[in-house]
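The working numbering numbers the first residue of the sequence shown as 1 and each following residue consecutively.
Each residue gets a CB set at the ideal place from its N, CA and C atoms; glycine is no exception.
Read the structure below first, then the notes.
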Amino acid sequence: MLGKADFIARFGHVYEASPWVAEGVWPDPPADLEGLAKAMAAVVDAAPRARKLDLIRAHPELASRTKMADASIREQAGVGLDQCSPAEFEAFQRLNAAYNARFGFPFIYAVKGATRGDILSAFETRLANDPETEFHTAIAQIHRIAGFRLADLF
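Here it is in structure tokens:
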């Protein structure tokens, strides 16, 4: 069993820039992937809305050229978001701006296994959501991202 510092060092990045999620399952974290994923998700789900909003806002915009966590860089590169055509890059920038203006946080999408077209289509569709639906959708996508990151660690 890992000590607390080692556990946080290993799992603290699973939820983007939010080691409080890993800390929330300490001192008795499940040792299996499914159990740990559920326990970490429960910590997020039980958090106050303001903390969840901070978690959403910790994520980078898609196809952004801003500094982001190594895991985000790998995930976005894995679906070619670092290789957008000029038109695709412009579409991502336009949609990121519209989404942020409407909801006040970045568009969150678990990109693993998706295409740039899938992501752009989801962007367009989700812009029509009401703010409460989109808040919950963003949290659900964050849980998917965390699940992929945990699976990579096991």
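Closest by C-alpha distance to Val79, when choosing among Tyr99, Leu120, Ile139, Glu90:
Leu120
Need the endpoints of the alpha helix (DSSP H) that Asp54 sits in, please.
49-57
Taking Ala122 as the reference, give the member of Ala41, Phe107, Gly113 with the closest Cα.
Phe107
Please list the terminal residues of the continuous alpha helix (DSSP H) segment that includes Trp20.
20-25
Let me know the secondary structure DSSP gives Leu120 once reduced to three states.
Residue state for Leu120 is assigned as helix, using DSSP reduced to three classes.
Any contact of the stretch 90-110 with the stretch 46-62, i.e. 3+ C-beta pairs under 8 Å?
yes
Please report how far the alpha carbon of Arg31 lies from the alpha carbon of Ser85, in whole angstroms.
The residue you asked about is not Arg; residue 31 is Ala in the sequence shown. Approximately 43 Å, taken between the alpha carbons.
Using a Cβ-Cβ cutoff of less than 7 Å, which residues in the same chain neighbour Thr137 once the five nearest sequence positions on both sides are dropped?
Arg126, Asn129
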